[in-house]
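>
In our numbering, the protein residues as written are 37 to 656.
So this is what it looks like as structure tokens:
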């Protein structure tokens with residue numbers, strides 16, 4: 037978000053702000069009754085996640101936001117109170133903001149106070165309120181601030197200890213007997229192939245393992261033994277499980293989302309399930325799916341293309357950047373049209389820094405070294421560049437990285453499709469006819485991405501289009517108005533779908549088999565999706581809905597919903613029809629309409645719940 041002093045004209049900015057919704061990087065607080073205590077929880081959560089802005093002087097009523105009428109005297113007092121409390125260790129452990137990070141603005145007679153909280157470096161985490169990090173540490177997701185578990189806080193402390201890599205810890209009561217001898221021998225052969233002139237090749241095995249820091253001596257304590265990295269890389273599965281009970285590397289090849297995997301590599305007792313063996317088994321399987329053009333290099337056939345290098349780097353990165361203390365698995369998925377690399381942990385750099393490349397911060401430095409000698413896991417920060425370059429050479433969609441929370445996971449998706457693949461263009465043409473051919477390039481690319489990936493976000497488009505976030509927001513709004521896209525969710529969590537293709541979906545993360553059912557329930561005939569939502573009776577004019585109206589009385593709202601629910605509707609459809617948040621409609625409005633609205637499923641929180649006006653049932 038641009039800061040308020042960067043705007044020449046504040047009025048359009050503040051008007052837009054009031055029309056926006058709170059999101060994972062924006063929080064409104066009334067502050068009419070005093071300095072909000074919850075401010076420090078959000079301060080902690082923004083600092084420990086991706087940063088954000090907190091704004092005093094905005095209140096919420098009936099799902100809309102309004103100025104709360106703060107006076108100049110109030111905001112100046114809050115500003116003074118903030119700087120006083122920020123330097124009080126009983127309030128928060130780290131003072132992050134400078135004078136320029138706190139700004140006062142005036143609009144339409146009301147005053148606002150802006151706080152810009154930065155994302156902190158991992159060396160400063162956790163940022164917590166109060167005196168106890170285990171009770172005062174927060175992070176941010178699409179639902180707002182959430183309290184971090186003890187395990188999350190411990191992971192932050194471990195990541196912050198730059199002088200002592202997480203995987204360099206010496207394990208007590210472990211020895212070389214806990215390692216798989218065959219894995220060590222196979223690694224040495226691979227090491228010699230990649231580094232034929234390296235001086236370590238002449239070393240005896242024990243010395244070689246010491247050079248790799250499989251075994252090491254702590255210079256401070258004099259303690260010597262097997263390292264965490266050595267156990268992960270070469271250990272027997274039973275020994276690894278004794279120390280790391282959540283360890284479960286899992287590869288699945290899925291041909292049809294409606295069916296089970298057709299090939300799986302996971303700890304099943306048939307192989308020595310350590311990281312080296314997992315890497316050695318999964319890498320050739322993944323690379324086998326890539327095109328292998330005939331290329332000559334120095335009169336030798338070169339079968340490893342930049343795409344092969346990209347996959348090797350992506351797999352190694354997932355293994356070396358994983359936080360194996362997280363209660364989550366390391367998963368690699370191969371679908372017909374994409375590869376997905378998902379590892380547990382929190383990002384140590386921002387996603388923006390990731391795409392910029394050139395900066396390498398690794399959670400498991402000793403593991404990184406071990407994979408570097410196999411040609412993977414670049415230390416110079418060029419690994420990301422290799423992944424992106426390998427995909428660009430094949431004209432495939434740009435790799436997409438996202439960070440998920442609870443459990444914390446980092447997910448890299450490598451799509452194996454061209455953004456404007458012929459099948460995508462054909463599918464869009466069937467849905468929208470010649471209208472598609474007349475779209476501007478950016479809108480056409482957006483439609484292609486939404487069609488092939490089923491859902492997109494503003495953040496996703498920032499890494500696929502050369503456009504600013506604000507311009508993307510404007511473009512998406514226009515495309516929704518033009519009935520090219522439809523949205524669900526709010527704020528930064530808003531997701532966009534091709535108009536008419538996802539009617540009836542309650543959970544945007546369901547598999548394709550649920551999506552097929554959802555479309556049938558909504559009576560959407562994909563063969564005639566040009567008409568699409570007429571069959572589903574979602575034309576808002578037929579419900580006499582008035583999308584532009586911002587506020588309704590209670591009776592107006594009830595009447596609109598009853599008129600609209602002449603057939604089974606999801607909470608998402610109802611919210612869209614009356615221009616309100618899904619959560620507000622589902623949790624506040626519909627529960628009070630039991631006298632005139634019935635549920636399809638008499639089960640609390642049913643994932644496919646729908647609603648219908650009771651008179652429909654009586655007239656039927």
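Glycine included, C-beta positions come from ideal geometry on N, C-alpha and C.
Quick caveat: nothing in here was measured; it's all calculated off a predicted structure.
Name the one or two DSSP bridge partners that residue 289 has.
Within the chain shown, residue 289 is the residue found at index 253, counting from 1. Bridge partners of residue 289: 299, 370.
> Can you give the Cα-Cα distance for residue 238 and residue 250, rounded to whole angstroms?
Taking the chain shown and counting its residues from 1, one reaches residue 238 at position 202. Taking the chain shown and counting its residues from 1, one reaches residue 250 at position 214. Rounded to whole angstroms, residue 238 to residue 250 spans 17 Å at the Cα level.
> Compare the beta carbon distance of residue 262 and residue 315 with 8 Å and say whether it is the shorter of the two.
In the chain shown, residue 262 corresponds to position 226, counting from 1. In the chain shown, residue 315 corresponds to position 279, counting from 1. No, Cβ-Cβ distance for residue 262 and residue 315 is not below 8 Å.
> Going by DSSP, name the residue or residues bridged to residue 260.
Locating residue 260 in the chain shown gives position 224, where the first residue counts as 1. Answer by DSSP bridge pairing, in chain order: 253.
> Would residue 404 and residue 460 be called neighbours here (beta carbons separated by less than 8 Å)?
Working through the chain shown from its first residue, we reach residue 404 at position 368. Working through the chain shown from its first residue, we reach residue 460 at position 424. Contact flag unset, no.
> CA-CA distance, residue 68 and residue 266?
As a working mapping, residue 68 is identified with position 32 in the chain shown. As a working mapping, residue 266 is identified with position 230 in the chain shown. If I take the Cα positions, the gap works out to 57 Å.
> How do the region 153-165 and the region 82-100 stand: do at least 3 beta-carbon pairs fall below 8 Å, yes or no?
Enough Cβ pairs lie closer than 8 Å, so yes.
> How many angstroms separate the CA atom of residue 107 from the CA atom of residue 616?
Counted from its first residue, the chain shown places residue 107 at position 71. Counted from its first residue, the chain shown places residue 616 at position 580. Straight-line Cα distance between these residues: approximately 30 Å.
> Can you list, in chain order, the residues of its chain whose CB lies under 6 Å from that of residue 378, leaving out five sequence neighbours each side?
As a first step, residue 378 is located in the chain shown; it is residue number 342 there, counting from the start. Once the five neighbours on either side are set aside, the close Cβ partners of residue 378 are 367, 445, 447.
> Which partner residues of residue 463 appear in the DSSP bridge assignment?
Here residue 463 refers to the residue found at position 427 when the chain shown is read from its first residue. Paired residue(s): none; residue 463 is not in a bridge.
> Taking C-beta to C-beta, are residue 283 and residue 223 nearer than 8 Å?
Walking along the chain shown from the start, residue 283 turns up at place 247. Walking along the chain shown from the start, residue 223 turns up at place 187. Contact flag unset, no.
> Excluding the five sequence neighbours on either side, which residues of its own chain have a C-beta within less than 8 Å of the C-beta of residue 203, listed in chain order?
Indexing the chain shown from 1 puts residue 203 at position 167. Hits under 8 Å: 263, 264, 265, 268, 399, 400, 401, 402, 403.
> Could you compute how far the alpha carbon of residue 508 sits from the alpha carbon of residue 470?
Locating residue 508 in the chain shown gives position 472, where the first residue counts as 1. Locating residue 470 in the chain shown gives position 434, where the first residue counts as 1. Using only the alpha carbons, I get a separation of about 23 Å.
> Using CA coordinates, which residue listed in 608, 126, 130, 138 is at the minimum distance from residue 114?
Here residue 114 is taken as the residue at index 78 of the chain shown, counted from 1. Closest option to residue 114, Cα to Cα, is 138.
> For the candidate residues 285, 430, 341, 389, whose alpha-carbon lies nearest to that of residue 363?
Here the question's residue 363 lines up with position 327 in the chain shown. Per the Cα distances, 285.
> Measure the alpha-carbon distance for residue 317 versus residue 372 and round it to whole angstroms.
Start at 1 with the first residue of the chain shown, and residue 317 comes out as number 281. Start at 1 with the first residue of the chain shown, and residue 372 comes out as number 336. Approximately 19 Å, taken between the alpha carbons.
> Does DSSP put residue 111 in a helix, in a strand, or in coil?
As a first step, residue 111 is located in the chain shown; it is residue number 75 there, counting from the start. Note: residue 111 maps to helix in three-state DSSP.
> Can you give me the Cβ contacts of residue 253 inside the same chain, cut-off strictly under 8 Å, excluding the 5 residues immediately before and after it?
Reading the chain shown from its first residue, position 217 is the one you call residue 253. Only 259, 260 meet the Cβ criterion.
> Helix, strand or coil: which one does DSSP assign to residue 533?
Taking the chain shown and counting its residues from 1, the one referred to as residue 533 is at position 497. DSSP places residue 533 in strand when its eight states are reduced to three.
> Spell out a yes or no on whether the region 621-636 and the region 592-602 are touching, meaning 3 or more CB-CB pairs, one atom from each, closer than 8 Å.
Counting Cβ pairs under 8 Å, three or more are found: they touch.
> Report the rounded CA-to-CA distance for residue 583 versus residue 611, giving the unit in angstroms.
Taking the first residue of the chain shown as position 1, residue 583 is located at position 547. Taking the first residue of the chain shown as position 1, residue 611 is located at position 575. Its pLDDT being 39, under 50, residue 583 is placed unreliably by the model, and the measurement read from it follows with that caveat. Using only the alpha carbons, I get a separation of about 11 Å.
> Tell me which residue opens and which closes the alpha helix (DSSP H) that residue 497 is part of.
As a first step, residue 497 is located in the chain shown; it is residue number 461 there, counting from the start. Residue 497 -> alpha helix (DSSP H) spans 494-498.
> Exposed or buried, which one is residue 589 when buried takes at least 16 other CB atoms within 10 Å?
Against the chain shown, residue 589 aligns to sequence position 553. Result: exposed.
> Could you check whether residue 94 and residue 71 sit closer than 8 Å to each other, using their CB atoms as the reference points?
Against the chain shown, residue 71 aligns to sequence position 35. Against the chain shown, residue 94 aligns to sequence position 58. No, these two residues do not count as a Cβ contact at 8 Å.
> Compare the beta carbon distance of residue 79 and residue 111 with 8 Å and say whether it is the shorter of the two.
Locating residue 79 in the chain shown gives position 43, counting from the first residue. Locating residue 111 in the chain shown gives position 75, counting from the first residue. Cβ distance not < 8 Å, so residue 79 and residue 111 don't count as in contact.
> Could you tell me the distance, in whole angstroms, from the CA atom of residue 451 to the CA atom of residue 458?
Sequence index remark: in the chain shown, residue 451 carries index 415 (1-based). Sequence index remark: in the chain shown, residue 458 carries index 422 (1-based). In a straight line, the C-alpha of residue 451 is about 15 Å away from that of residue 458.
> Just tell me which of 468, 276, 298, 442 has its CA closest to the CA of residue 175.
Taking the chain shown and counting its residues from 1, the one referred to as residue 175 is at position 139. Nearest C-alpha to residue 175: 442.
> Between 325, 618, 157, 650, which has its C-alpha nearest residue 179's C-alpha?
For the purposes of this step, residue 179 is taken as the residue at position 143 of the chain shown. Comparing Cα positions, the closest option is 618.
> Would you please state the rounded distance, in angstroms, between the beta carbons of residue 410 and residue 397? I believe it to be under 8 Å.
Counted from its first residue, the chain shown places residue 410 at position 374. Counted from its first residue, the chain shown places residue 397 at position 361. Residue 410 to residue 397, Cβ: 21 Å. No contact.
> Is it the case that the Cβ atoms of residue 478 and residue 503 are separated by a distance below 8 Å?
For the purposes of this step, residue 478 is identified with residue 442 of the chain shown, where counting begins at 1. For the purposes of this step, residue 503 is identified with residue 467 of the chain shown, where counting begins at 1. For residue 478 and residue 503, yes; Cβs fall inside 8 Å.
> For a test of the three-state rule: what should DSSP assign to residue 344, helix, strand or coil?
Residue mapping note: residue 344 aligns to position 308 of the chain shown, counting from 1. In the structure shown, residue 344 sits in a helix (DSSP, three-state: H, G or I).
> Within its chain, find whatever has a CB closer than 7 Å to the CB of residue 219; leave out the 5 residues flanking it on each side and keep chain order.
Here residue 219 refers to the residue found at position 183 when the chain shown is read from its first residue. Counting only Cβ-Cβ distances below 7 Å, and skipping sequence neighbours, we find 270, 308, 310, 312, 313.
> Residue 604 and residue 650 - do their beta-carbons sit closer together than 8 Å?
Translated into positions along the chain shown, residue 650 becomes position 614. Translated into positions along the chain shown, residue 604 becomes position 568. No, Cβ-Cβ distance for residue 650 and residue 604 is not below 8 Å.
> Just the Cα atoms here: how many angstroms apart are residue 190 and residue 359?
Position 154 of the chain shown holds residue 190. Position 323 of the chain shown holds residue 359. Cα to Cα, residue 190 sits roughly 11 Å from residue 359.
> For the region 136-186, which segments carrying the beta strand (DSSP E) assignment without a break, of at least 3 residues, lie completely within its bounds, in sequence order?
Listed in chain order, they are 138-143, 146-153, 174-177, 180-183.
> What is the DSSP secondary structure of residue 619, counted as helix, strand or coil?
Against the chain shown, residue 619 aligns to sequence position 583. Of the three classes helix, strand and coil, the one that applies to residue 619 here is helix, per DSSP.
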